Amino acid sequence: MSDLSPEEQWRVEHARMHAKHRGHEAMHAEMVLILIATLVVAQLLLVQWKQRHPRSYNMVTLFQMWVVPLYFTVKLHWWRFLVIWILFSAITAFVTFRATRKPLVQTTPRLVYKWFLLIYKISYATGIVGYMAVMFTLFGLNLLFKIKPEDAMDFGISLLFYGLYYGVLERDFAEMCADYMASTIGFYSESGMPTKHLSDSVCAVCGQQIFVDVSEEGIIENTYRLSCNHVFHEFCIRGWCIVGKKQTCPYCKEKVDLKRMFSNPWERPHVMYGQLLDWLRYLVAWQPVIIGLVQGINYILGLE
1 MSDLSPEEQW RVEHARMHAK HRGHEAMHAE MVLILIATLV VAQLLLVQWK
51 QRHPRSYNMV TLFQMWVVPL YFTVKLHWWR FLVIWILFSA ITAFVTFRAT
101 RKPLVQTTPR LVYKWFLLIY KISYATGIVG YMAVMFTLFG LNLLFKIKPE
151 DAMDFGISLL FYGLYYGVLE RDFAEMCADY MASTIGFYSE SGMPTKHLSD
201 SVCAVCGQQI FVDVSEEGII ENTYRLSCNH VFHEFCIRGW CIVGKKQTCP
251 YCKEKVDLKR MFSNPWERPH VMYGQLLDWL RYLVAWQPVI IGLVQGINYI
301 LGLE
């Protein structure tokens, strides 16, 4: 084997693998059926869990999204990812701590939305650059810059992974913080009846004055009126709807028309990108668990 070229060695190993598994077609078909059945059952159970107990489902999914990549990072010695993960976790832990305090500091909601909106924009831009790098490599445009295809593809896939992973993670943390802050601010309750009256001059998201006099302290910012006629700071309501995935009014729970809010066609991809991140959450958080379950079933049944 040592005298053979790498291609010839690969062919020999490939032939040995086929010889080893010859006659195992029935076993392989059984393994495929187990995989399909497990995927279907797991998907049904996850959908029912999400519908019946969304809070626990979101918490468990968030924990898995946060911890599972750390295991592979340490195992494969991806130190760059580990450093970024530690920085993100430290700042996010501080922001989450601020969001869960009672009573809530008036500046906390804006701090929360600013941080997660920043991560959202960075992850969105990183994912787009990574996707463009992959497409340029597939079309051979990397040769114009004298970059090897494998290097260009690794660069694009890495950026795409960073963008999608942190995009999913920050949305889950933002939703959790939004839930805590909404209950702390207390403008509405689970029964649907507001627990206190909202003044026309107060933003229901941050709890600060919308219009500020010369002698008062506050934030001067553009405002946005929803279809239910409640007025909010534009930055607050956009952070509430996009980053926190809340498609209802923070005060009366009336559904927010995102198409009306984001009439600019350049902003609509952000909504589509958010839906993509929701879909990828299943692949990142639950797919490794399902594959591990399938391997465990195959091991118990003696299938290889």
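Its first residue numbered 1, the sequence shown is counted upward by one per residue in UniProt numbering.
No residue lacks a Cβ here, since even glycine has one placed at the ideal position from N, Cα and C.
Remember, predicted model here, so these are calculated numbers, not experimental data.
Check, Outcome
"Uninterrupted alpha helix (DSSP H) stretches inside the segment 62-114 (no shorter than 4 residues)", "79-99"
"Spatially closest choice to L87 from F161, V40, A37, Y166, by CA coordinates", "Y166"
"Reduced DSSP category for H14 - H, G, I as helix; E, B as strand; rest coil", "helix"
"Three-state class that DSSP yields for Q209 in the structure shown", "strand"
"Beta carbon of L144 nearer than 7 Å to that of M65", "no"
"Buried versus exposed call for S5 [16 or more other C-beta atoms within 10 Å across all chains shown]", "exposed"
"Length of the line joining the Cα atoms of V83 and T73", "10 Å"
"Same chain, Cβ closer than 8 Å to T248, neighbours up to 5 away in sequence not counted", "E254, K255, V256"
"Cα-Cα separation between G292 and V134, rounded to whole angstroms", "29 Å"
"Classification of S123 by the beta-carbon crowding that lies within 10 angstroms, buried from 16 upward", "buried"
"Minimum C-alpha distance to residue 308 - residue among L35, E234, L70", "Since the first residue of the chain shown is 1 and the last is 304, residue 308 is not available in this structure."
"Host beta strand (DSSP E) of V231 (start-end)", "231-233"
"Buried/exposed call for T107, threshold 16 Cβ in 10 Å", "exposed"
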